[in-house]
Amino acid sequence: MFSLFNKLSNKKRRNKLKAQIFTADAIIAAGIFILILISAAYAWDYSREKAYLTDKRDYMEMAARGALSGLIETSGNPSDWHTNQDYLNTSYMKSLGLAKNRPWHLSAEKIQAMQDWYPERNETFKRLLGLQGLNLHMEFWVYDSGFAANADYVIGSSPGSGIRNIVRLQRTGLFQNDTGDYWLKIVLEIWENE
């Protein structure tokens, strides 16, 4: 009988040891599972943020290309918008363009009007260019036997710190003023603040 009791006692001890081992395995497995869940959540959040930034960047690049093309390829609607600042207040103004009489032949008067009126009408200009909610900076560099140290015309303020995305485009055109035609370098920067 003693040997039977001994066998039962040993069996209980082994089952108890197995149960303890099973509990340790379960804790380790649960810990690994929690780590996998945390890693998956982090990867999901990172991927979602990356996709948002990529989509936003693509949108900004398309908007910048469209705005710059509209500015240098069209004269605006109405084409004499630069003669009357009140056009900017009404729905009469349909689009903004800097071309004088042909695409890429830009008017000094239109560039000057945009530079002069931009500080108080920046939201109107951005709406006409399709750049609502974004910041805008443009520079026009006239090439007359070389570029000057500073841009000849500047519209908007330069991007500072705390910006999230920035798109910078550069095009060339012809600049027509009273003294003749000159090459013109046009730089457009748009960005969003953080």
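Counting from 9, one number per residue, gives the positions in the sequence shown under this note's numbering. Don't be surprised by glycine CBs; every beta carbon is placed ideally from N, CA and C. Quick caveat: nothing in here was measured; it's all calculated off a predicted structure.
Residue i - partner residues in DSSP beta bridges
i      : result
Gly188 : Asn185
Trp149 : Lys193
Glu200 : Asn173
Ile163 : Met146
Arg179 : Ile194
Gly84  : Leu104
His113 : Leu182
Residues of its chain near residue i, where Cβ-Cβ distance is below 8 Å and the 5 sequence neighbours each way are ignored
i      : result
Leu182 : Trp112, His113, Leu114, Asp189, Tyr190, Trp191, Leu192
Asn85  : Met101, Lys102, Ser103, Gly105
Glu200 : Lys64, Met68, Gly141, Leu142, Asn143, Ile171, Arg172, Asn173
Pro155 : It is Phe, not Pro, that sits at residue 155 in the sequence shown. Within the same chain, Phe155 has close Cβ partners Trp149, Lys193.
Among the options, nearest to residue i - alpha-carbon criterion
i      : options                       : result
Gln120 : Leu104, Phe133, Tyr161        : Tyr161
Ile194 : Thr98, Glu147, Asp152         : Glu147
Ile80  : Thr187, Phe155, Leu177        : Leu177
Leu142 : Lys118, Arg179, Ile171, Asp63 : Ile171
Gln93  : Leu61, Glu128, Ser166         : Glu128
Asn173 : Val150, Thr62, Arg179, Arg56  : Thr62
Val175 : Ala71, Thr31, Met122          : Ala71
Trp110 : Asn201, Gly138, Ser77, Leu137 : The sequence shown places Arg at residue 110, not Trp. Out of Asn201, Gly138, Ser77, Leu137, Ser77 has the C-alpha closest to the C-alpha of Arg110.
Thr187 : Trp149, Phe155, Ala116        : Ala116
Thr180 : Ile198, Ser166, Val150        : Val150
Close Cβ partners of residue i (< 7 Å) along its chain, the five nearest in sequence each way excluded
i      : result
Thr82  : Ser103, Gly105, Ala107
Gly138 : Ala71, Gly74, Ala75
Thr132 : Leu96
Other residues of its chain near residue i: CB distance less than 6 Å, five sequence neighbours each side excluded
i      : result
Ala157 : none
Gln123 : Tyr161, Ile163
Presumed contact (8 Å Cβ cut-off) between residue i and residue j, rounded CB distance
i      : j      : result
Gly168 : Tyr126 : Contact doesn't hold; Cβ gap of about 17 Å is too wide.
Lys118 : His145 : 18 Å between Cβ atoms; not a contact.
Closer than 7 Å to chain C by CB, residue i
i      : result
Glu131 : Of the protein chains in this structure there is only one, and it is not chain C.
For the 8 Å Cβ check, are there 3 or more pairs between the region 66-75 and the region 38-52? no
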